Amino acid sequence: MPSLWMLFASFAFAAMGAGVKLASEFYSTSELVMYRGLIGTLALFMIVRHRGGTFKTVFPKEHIWRSTVGVISLWLWFFAITRLPLATAVTLNYMAPIWIAAFMFAVGWWKGSKMPEWPLVLAIAMSFFGVTQVLRPAFETNQWLGGLAGVCSSVISAMAYMQVRKLGQMGEPEYRVVFYFSLTTALAGLLGVLLGDGPKGAVFQSHTLASGALLLGIGVLALMAQMAMTRAYRVGKVLVVANLQYTGIVFSSLWGLALWGDSFDWHVWMGIGVILASGIAATFYNTRSTSKGAVVKDTDPIASET
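481 is the number of the first residue of the sequence shown in my numbering; add one for each residue after it.
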């Protein structure tokens, strides 16, 4: 069951990405971010109130920092999805564990407290090679801005993940982390719309039945995926569950093929494979010392969408 929970979470996140790409025909990136946050905020508010939880926190500064970093990462990722093939944007987003491993390695090397783990160094180096192959079509077709946004999103996502880990270690429940992230997402998206992020300036696009269904689907799928991911980490073996999240790349490739007829040459598939293998290796080094069940306390995976 833990494996099935993670497979469902990966499928749901991939479906959410497909929904974002479809909805980008109707809405600006800031509008998509705003509605994503608004739906998540309302749903969590009702769930937590029904269960008798509280949103009061003694760590407002930490929540502000985590939410700000997370919102920037999410906006960049949504932007990348609208500009790149879905599988490419999702693959770049899944580089966050590689950046975390690189950061941990750099800190350990700088402080002289940790000997270099050369398999990890090789995995990090190979991942950068994979990125160059994945982004070749983007640069050849002048989509470099979307590719840059995808890479930056993964770097900032790693920063958000480490902040989530810190909040978990401080004893903050995951639902509170997600709630304030969703609330900040809605407010930041609203600000982006008011500042004129869109083809017609500061305008909210009108809704149709199809576009409204897409917005609802994006919000619901994101929340369901986060909850399923938390469940998988809570009851499963950390290393197995963490590696299964990379099936999201496979699901995204299938969505892209089915909806847009995305096809790649061998360079891109090789790059995706290299990033996938490097991510699994980095995940192994990031999680091998984490025992079953402890990951909820140490990393709060429900808040790790961005």
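For every residue, glycine included, the Cβ atom is placed at its ideal position computed from N, Cα and C. As the structure is a computational prediction, the values presented were derived from the model and not from experiment.
Which residue comes first and which comes last in the alpha helix (DSSP H) that contains residue i?
i	result
HIS543	540-563
LYS536	First-last for LYS536: undefined, no H or E at that position.
LYS717	Per DSSP, LYS717 belongs to no alpha helix (DSSP H) and is neither H nor E.
GLU654	654-674
TYR641	624-649
GLU505	Here GLU505 belongs to no alpha helix (DSSP H), and DSSP marks it neither H nor E.
THR571	566-573
MET584	576-591
PHE619	616-620
GLY741	Unbroken run through GLY741: none, as it is neither H nor E.
Whose C-beta lies closer than 6 angstroms to the C-beta of residue i among residues of the same chain, with five residues either side of it excluded?
i	result
MET639	VAL549
ALA523	LEU703
MET514	ALA666, GLY669 and LEU670
ALA582	ILE604
GLY627	LEU615 and ALA618
GLY672	SER510
THR521	SER662, LEU663 and ALA666
TYR660	HIS543 and SER547
ILE755	THR571, SER607 and GLY610
Might you give, ordered along the chain, the residues of its own chain that have their beta carbon closer than 8 angstroms to the beta carbon of residue i, omitting 5 neighbours on each side?
i	result
ALA757	ALA603 and MET606
ALA629	LEU556, TRP557, PHE559, ALA560 and ARG563
ALA708	TRP485, MET486, PHE488, ALA489 and ALA492
ARG616	HIS747, VAL748 and GLY751
MET496	GLY697, ILE698, LEU701, ALA702 and ALA705
Of the choices the options, whose alpha-carbon is the least far from that of residue i?
i	options	result
ILE752	THR568, VAL721 and SER510	THR568
ILE527	TYR655, LEU487 and MET750	TYR655
LEU502	MET650, VAL720, GLY692 and THR727	GLY692
PRO482	TRP746, GLY672 and GLN725	GLN725
TRP749	PHE684, GLY517, GLY497 and GLN613	GLN613
GLU505	PHE764, THR688 and THR727	THR688
ILE519	LEU694, GLY759 and ALA582	LEU694
LEU572	ALA618, GLY672, LEU674 and PHE684	ALA618
VAL601	LEU512, ILE755, THR537 and PHE585	PHE585
TYR574	GLY610, GLY592, LYS591 and TRP590	GLY610
THR664	VAL500, THR537, ILE552 and ARG529	ILE552
GLN685	VAL754, GLU511 and VAL715	GLU511
VAL500	LEU674, ALA690, VAL720 and LYS717	ALA690
Take residue i and list the residues in its own chain whose beta-carbon comes closer than 7 angstroms to its own, dropping the five residues that flank it on each side.
i	result
ALA494	VAL570, GLY728, PHE731, SER732 and TRP735
LEU647	PHE539, GLU542, ARG546, VAL657 and ASP780
THR763	PRO577, ALA722 and ASN723
PRO599	ALA761
ALA498	LEU566, TRP735 and LEU739
Quick one: is residue i near chain C, going by C-beta distance under 8 angstroms?
i	result
ARG531	Protein chains in the displayed structure number just one, and chain C is not present.
How about the stretch 555-565 and the stretch 625-642: do they share at least three Cβ pairs that are nearer than 8 angstroms?
yes
So, does the stretch 541-548 touch the stretch 690-707, judging by three or more C-beta pairs under 8 angstroms?
no
Three or more C-beta pairs under 8 angstroms: does that hold for the stretch 646-661 against the stretch 529-541?
yes
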